[in-house]
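Using the working numbering, read the sequence shown as starting at 3 and increasing by one per residue. Don't be surprised by glycine CBs; every beta carbon is placed ideally from N, CA and C.
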Amino acid sequence: QALRDFVETHRIPLLTTYKGKGILPEDHELSLGGHGLSPVSDALVMPFVAQADLVIAAGYDPIEMRTGWRNPWDPAKAIEFASAPNRHDMHHADISFTCSIRAGLSALAVGDANTAANGARSIWPGGEADVLRIALKSKFSAGKAWGPALAIDAIRRAAPRDSVITADSGAHRILLSQMWECYEPRAMLQSCGFCTMGCALPLAIGYKLASASRPVIAFMGDAGLEMTMGELATLRDLGLSVLVVVFVDHSLALIELKQRQSGMKNLGVDFGGTDFPALAEAMGGTGRVAKSVEAVESETAGAFARDGFTLLAIPIDAKSYDGKF
């Protein structure tokens, strides 16, 4: 809340890491979304950061960020509030405080109470933040061709606003982190720097146990689900109503994409198919397949209207991530 109050008072646009999504609702006019996984978003966001007269790093921990986020700003134009001393060398700020983030922001605002009345709205007078927001929306739009982007967009529309989602590592996580809007902190739970495959299912189980009334969706790749599919029995035995979305492309799509981009031959990234709806039914849940926007929306709504877990398999082409992030 302290961060939200600060940016609203001073009309400062907010960028977060992908782990910080929802600190400010991502449909808020000052939110520029969560970043750090996508080269496409980096190409838009990093020039904007470089233009800034002042960068305030409020609890920013770069340990999860891509290597392109090394020294993204001029240290002379940065103020940092951190919970631990900066010894990581990923970025620097000439003015750096080890303190409570809330207290640091409050201290920075002292004596500046009249800013909002005396020109705060002239921050980014050229409308650069609005231009960036529009560009990001355009780059990460659902498009018209069937694939993960259309499916994610359809699920976001059909799912309750207060849904909490979890995500495995993989191509779908990068796209999901850019497209899925979060409206409160910790509304998207995902792996840290280890990029753990299969983690979405146990994360969803744990969250649902702790917050039974919240809608919970686990987004998984087919390889990740094959690694942890025994946990579907845990969902059954605990009687948890979780929607498990699995993108079925019979490929480690992110690694396959990197192989192609590096000019390497396809090796060790393709695998056979599993009948995931049949697996869900065998495990005591409800299994469905969706191959269109309408089917995705209908099945998402249906999952939240029934007891027990639902597994929604969404077949896609492994190359449908090309150019998406």
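Quick check on the burial criterion: 16 or more other C-beta atoms within 10 angstroms. Buried or exposed for residue i?
i	result
residue 33	buried
residue 121	Any reading at residue 121 needs caution, since the residue's pLDDT is 49, under 50, leaving its predicted position unreliable; the model's value is listed next. It counts as exposed.
residue 244	buried
residue 301	buried
residue 201	buried
residue 266	exposed
residue 241	exposed
residue 205	buried
residue 133	exposed
Counting along the chain, where does the beta strand (DSSP E) carrying residue i start and finish?
i	result
residue 222	218–223
residue 160	It is not in any beta strand (DSSP E) - residue 160 instead sits in the alpha helix (DSSP H) that spans 150–160.
residue 93	It is not in any beta strand (DSSP E) - residue 93 carries neither H nor E in the DSSP assignment.
residue 311	Residue 311 -> no beta strand (DSSP E), and no H or E assigned at all.
residue 245	245–250
residue 16	16–19
residue 106	No beta strand (DSSP E) holds residue 106; the alpha helix (DSSP H) holding it covers 103–111.
Which one of the options has the shortest CA to CA distance from residue i?
i	options	result
residue 98	77, 136, 165, 104	77
residue 326	36, 100, 143	143
residue 279	75, 248, 207	248
residue 313	268, 101, 263, 227	227
residue 277	41, 288, 212, 53	288
residue 30	16, 282, 260, 140	16
residue 42	140, 210, 94, 159	140
residue 153	254, 250, 44	250
residue 215	174, 165, 258, 180	165
residue 253	169, 273, 163, 160	273
residue 317	224, 137, 79	224
residue 293	72, 309, 156, 71	156
residue 323	175, 204, 137	175
residue 135	269, 47, 93, 262	47
residue 25	222, 204, 221, 187	187
residue 320	310, 275, 284	275
residue 68	45, 58, 84	45
residue 222	281, 53, 315	315
residue 7	111, 255, 149	111
residue 160	173, 145, 182, 149	182
residue 220	271, 297, 269, 158	158
Using the C-alpha atoms, what's the distance from residue j back to residue i?
i	j	result
residue 171	residue 199	5 Å
residue 10	residue 4	10 Å
residue 197	residue 39	11 Å
residue 49	residue 13	20 Å
residue 55	residue 81	11 Å
residue 62	residue 167	22 Å
residue 239	residue 307	19 Å
residue 291	residue 234	17 Å
residue 109	residue 79	18 Å
residue 232	residue 59	41 Å
residue 100	residue 91	15 Å
residue 286	residue 72	48 Å
residue 130	residue 70	22 Å
residue 57	residue 75	8 Å
residue 259	residue 149	15 Å
State the CB to CB distance for the pair residue i and residue j, rounded to an integer number of angstroms; the pair is presumed to be in contact (CB under 8 Å).
i	j	result
residue 177	residue 151	6 Å
residue 28	residue 22	Actually they are not in contact, since the Cβ atoms of residue 28 and residue 22 sit about 11 Å apart, beyond 8 Å.
residue 236	residue 207	6 Å
residue 230	residue 191	Actually they do not touch by this definition, with Cβ atoms about 15 Å apart.
residue 184	residue 66	Not a contact, Cβ separation roughly 16 Å.
Could you check where the alpha helix (DSSP H) with residue i kicks off and where it finishes?
i	result
residue 5	4–12
residue 207	202–212
residue 296	295–305
residue 287	Where residue 287 is concerned, there is no enclosing alpha helix (DSSP H), given that its DSSP letter is neither H nor E.
residue 78	Here residue 78 belongs to no alpha helix (DSSP H), and DSSP marks it neither H nor E.
Taking only beta-carbon atoms, is residue i less than 8 Å away from chain B?
i	result
residue 296	In the displayed structure, chain B is absent; only one protein chain is listed.
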